[in-house]
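To start, the structure itself, in structure tokens.
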Amino acid sequence: MNTLVEAISADMEHLTEDLLENHSSRLFSRGGHFTKDQMIPVYFALIFGCEENADTYSNFLFSLKNDIKKTTKPFAFIDSPLDPPDENALLAFSGIDRSATGSVISGLCSMISIKADPVRALIAQKALGDMLSMSRTEMFDAGAALVYKLNLIANGICVSDSGEIPMIMYYGNPTPEDVFFLCFAQRCGFDVICVSPDKSCLSAFERCPFADKLQKLQLPASRAVMPFPQKMVKAKITTVAYSAERELDTALYGGDTIFRDRQFEKMDSAVLKTTLDEIFILWDQPAKFRSGFAVRGDRVVVPTIFAKINGVDDGDLKSYWRQVEEMITPLTTYIIKSPSYKRPPSSMLSAYSRYISGTSIDTAALMKSPLNKYEFLSEPLQELIFEKMQAAASDRMLETDDPTEAVCYIIHAALNLDRTVLRNLQKYDFTKDIPKFIVADSIEEPFSKLECAQLLLLSYLGFDVLVLSPSGYRDIEAYVSDDAFETHTLNEFKYNVSVPRFKTPDEAKYQKQKNGLFKKLFRKGRT
Numbered sequence: 130m131n132t133l134v135e136a137i138s139a140d141m142e143h144l145t146e147d148l149l150e151n152h153s154s155r156l157f158s159r160g161g162h163f164t165k166d167q168m169i170p171v172y173f174a175l176i177f178g179c180e181e182n183a184d185t186y187s188n189f190l191f192s193l194k195n196d197i198k199k200t201t202k203p204f205a206f207i208d209s210p211l212d213p214p215d216e217n218a219l220l221a222f223s224g225i226d227r228s229a230t231g232s233v234i235s236g237l238c239s240m241i242s243i244k245a246d247p248v249r250a251l252i253a254q255k256a257l258g259d260m261l262s263m264s265r266t267e268m269f270d271a272g273a274a275l276v277y278k279l280n281l282i283a284n285g286i287c288v289s290d291s292g293e294i295p296m297i298m299y300y301g302n303p304t305p306e307d308v309f310f311l312c313f314a315q316r317c318g319f320d321v322i323c324v325s326p327d328k329s330c331l332s333a334f335e336r337c338p339f340a341d342k343l344q345k346l347q348l349p350a351s352r353a354v355m356p357f358p359q360k361m362v363k364a365k366i367t368t369v370a371y372s373a374e375r376e377l378d379t380a381l382y383g384g385d386t387i388f389r390d391r392q393f394e395k396m397d398s399a400v401l402k403t404t405l406d407e408i409f410i411l412w413d414q415p416a417k418f419r420s421g422f423a424v425r426g427d428r429v430v431v432p433t434i435f436a437k438i439n440g441v442d443d444g445d446l447k448s449y450w451r452q453v454e455e456m457i458t459p460l461t462t463y464i465i466k467s468p469s470y471k472r473p474p475s476s477m478l479s480a481y482s483r484y485i486s487g488t489s490i491d492t493a494a495l496m497k498s499p500l501n502k503y504e505f506l507s508e509p510l511q512e513l514i515f516e517k518m519q520a521a522a523s524d525r526m527l528e529t530d531d532p533t534e535a536v537c538y539i540i541h542a543a544l545n546l547d548r549t550v551l552r553n554l555q556k557y558d559f560t561k562d563i564p565k566f567i568v569a570d571s572i573e574e575p576f577s578k579l580e581c582a583q584l585l586l587l588s589y590l591g592f593d594v595l596v597l598s599p600s601g602y603r604d605i606e607a608y609v610s611d612d613a614f615e616t617h618t619l620n621e622f623k624y625n626v627s628v629p630r631f632k633t634p635d636e637a638k639y640q641k642q643k644n645g646l647f648k649k650l651f652r653k654g655r656t
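Written out as structure tokens, the structure reads:
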């Protein structure tokens, strides 16, 4: 029976889900008119160009590859041109009769060997014969290269008849020879996804007559190919513009995803790049309703706010503080900046140096050491704290003259979290209400290195962090990179400000005041 290989279209919004659908599910979702022996639906797509935000694009690449690798789907990742067969490899082809076109094609087809999937080997033989018959390239050399690369990749990733459609992900600008091979792999029943931030890569496919089934998915920007990302970065996610109120409502409330209580124990935070108005629209929204929320396997991406607001709207301090009080949720820690903040002794910081190599922390050893004061916490929560400690150190958002000193301060901040913060972290369900940390600052003293490390770490732990500076003084900017947070400035600065103390409300009291929350806050002078 001849098996038809049919190229199907992927939805960019659900790319990972589409790619991970197995053979039977693909057939069923397309009407169930064919059996597995009759048809193999495959994706053959070029994602060319990139996002305007380099970090967003980097996380897209990392997540796409990582999500596929975590499954049982046979998967080959290629990020450099494929080598042609060398002299030793070509010896295997030396017995092919090259006296006539038919014998060359027949001989090359006989060399295809996919050990655990003989059906796909037969499909590959037919595809090879069809392509070589129509190709204008030197038949033997081109065919030998295709067979060599297919055997190497298919057997290397253990392609079988398990029901999972094998996949090749090619990153970068492919050579004409690689484009020729990718077209061949698609016709052999492989999912083939080529990804490049450089839009000029399209021309290589346009010159290949066998790329007629290619789906082209274009992203807005273009840049040179950079090394493939090795980890998620703490990116800023741009929200829907506040002026497009209807579109924002759709982004916030669309969908009907339901999660179990405490379904996830792992999370990554992504700082939202917002207008000032959007901060107050999003402030009370659960994580799952925020633009940018995503589930990545066994962890979630939580969109968070990390911002500083300078000044007071029209200098009206009474209205300013009344509305700030309304921002304090049951999961909020509210702090008034004080000049008497204690700094860790140098001997304490030096104790951390044995666990540090560059920006890398031996978190496993540190977690088992006497310095870890969190044995009373659950193991997943301890692991989360230490994971974010390492992430904050690796991203170098704490800017000091000595990089090792910055790592020491991050460790110290992580190992000495306030008890209120720890309790809020324990209560934190990563799909629901997001804990807050608000600092009101009206004194003429920048934040210390430790204070900056604490605020930075809280952002990595998924807290909304807000710094209020009625006087517009420099504080968090002293040591935290501008890339880590957003700054908004109102139309008047106030000096010698007396900062009121506020109590954290209980849940019942807070629910009563929610309806009027933020209606009058900071109406003018927004930037």
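Everything in the sequence shown is counted per our numbering, starting at 130 for the first residue and increasing by one.
Positions of the beta carbon are idealized from the N, C-alpha and C atoms, including for glycine.
Below 8 angstroms CB to CB, which residues in the same chain sit around residue i once its five sequence neighbours on both sides are set aside?
| i | result |
| --- | --- |
| ILE137 | ARG155, ARG159, PRO170, VAL171 and TYR172 |
| GLU534 | LEU478 and LYS578 |
| GLU180 | TYR186, PHE189, LEU348, PRO349 and ALA350 |
| GLU150 | SER158 |
| VAL248 | THR132, ASP166 and ASP290 |
| VAL626 | LEU446, SER571, PRO599 and SER600 |
Under three-state DSSP, which class holds residue i?
| i | result |
| --- | --- |
| ASN545 | coil |
| LEU587 | helix |
| ASP385 | At ASP385, the pLDDT of 39 sits below 50, so the modelled position is not reliable and the matter cannot be decided from this model. |
| PHE310 | helix |
| TYR300 | strand |
| ARG375 | With a pLDDT of 43 at ARG375, under the threshold of 50, the modelled position of that residue is not reliable, and no figure is offered here. |
| ALA370 | In this prediction, ALA370 scores a pLDDT of 48, lower than 50, which makes its location untrustworthy; no coordinate-derived value is stated. |
| PHE418 | helix |
| GLU335 | helix |
| MET240 | coil |
| LYS165 | coil |
| THR616 | strand |
| PHE435 | strand |
| PHE204 | strand |
| LEU646 | Residue confidence is low: LEU646 scores 49 on pLDDT, short of 50, so the model does not pin down where it sits. Its coordinate-derived value is still stated next. Coil. |
| CYS537 | helix |
| ASP442 | helix |
| PRO605 | One point to set straight first is that residue 605 is Ile, not Pro, in the sequence displayed. Note: ILE605 maps to helix in three-state DSSP. |
| ALA494 | helix |
| ALA221 | helix |
| CYS330 | helix |
| ALA350 | strand |
| LYS578 | helix |
| PRO532 | helix |
Closer than 7 angstroms by C-beta to residue i: which residues in its own chain qualify, once you throw out the five before and the five after it? Chain order, please.
| i | result |
| --- | --- |
| ARG603 | PRO575 |
| ILE490 | TYR484, MET518, GLN519, ALA522, VAL536 and ILE540 |
| PHE357 | LEU190, ASP208 and TYR300 |
| VAL354 | GLY301, ASN302, SER325, PRO326 and ASP327 |
| ILE572 | LYS466 and PRO468 |
| THR488 | ALA522, SER523, ARG525, PRO532 and VAL536 |
Once you ignore the five residues that flank residue i on each side, which residues in its own chain have a CB closer than 6 angstroms to its CB?
| i | result |
| --- | --- |
| PRO564 | LEU460, ASN553, TYR557 and PHE592 |
| ALA582 | LEU527, TYR538, ILE539 and ALA542 |
| ARG391 | ASP558 |
| ILE410 | none |
| SER482 | none |
Is it the case that the Cβ atoms of residue i and residue j are separated by a distance below 8 angstroms?
| i | j | result |
| --- | --- | --- |
| LEU550 | PHE435 | The sequence given here places Val at residue 550; Leu does not occur at that position. Taking 8 angstroms as the Cβ cut-off, VAL550 and PHE435 do not qualify as a contacting pair. |
| LEU657 | ILE176 | Given that the chain is displayed from residue 130 to residue 656, the structure contains no residue 657 and the question cannot be resolved. |
| LYS202 | VAL441 | no |
| ASP547 | THR462 | yes |
On the DSSP letters alone, give me the boundaries of the beta strand (DSSP E) that residue i sits inside.
| i | result |
| --- | --- |
| LYS565 | 565 to 569 |
| LYS395 | 395 to 402 |
| TYR449 | Not the beta strand (DSSP E): TYR449 falls in the alpha helix (DSSP H), residues 446 to 455. |
| GLU135 | 133 to 137 |
| ILE465 | 461 to 465 |
| ILE322 | 320 to 325 |
From what residue to what residue does the alpha helix (DSSP H) around residue i run?
| i | result |
| --- | --- |
| GLN254 | 247 to 263 |
| ASP196 | 183 to 198 |
| SER476 | 475 to 479 |
| LEU513 | 508 to 524 |
| SER153 | 152 to 158 |
| ALA423 | Note, ALA423: premise wrong, no alpha helix (DSSP H); beta strand (DSSP E) at 423 to 425. |
| LEU275 | 268 to 285 |
| LEU597 | Counting along the chain, LEU597 falls outside any alpha helix (DSSP H), though it belongs to the beta strand (DSSP E) covering 593 to 598. |
| ASP147 | 144 to 149 |
Establish whether the CB of residue i and some CB of chain C are separated by less than 8 angstroms.
| i | result |
| --- | --- |
| ILE294 | Within the model displayed, chain C is absent; a lone protein chain is all it includes. |
Specify whether the stretch 251 to 264 and the stretch 214 to 224 touch according to this definition: at least 3 beta carbon pairs, one from each stretch, less than 8 angstroms apart. no
If contact is defined by three or more beta carbon pairs under 8 angstroms, each pair taking one atom from either stretch, is the stretch 494 to 506 in contact with the stretch 609 to 624? no
Report yes or no: do three or more beta-carbon pairs, one from the stretch 257 to 272 and one from the stretch 286 to 293, lie closer than 8 angstroms? no
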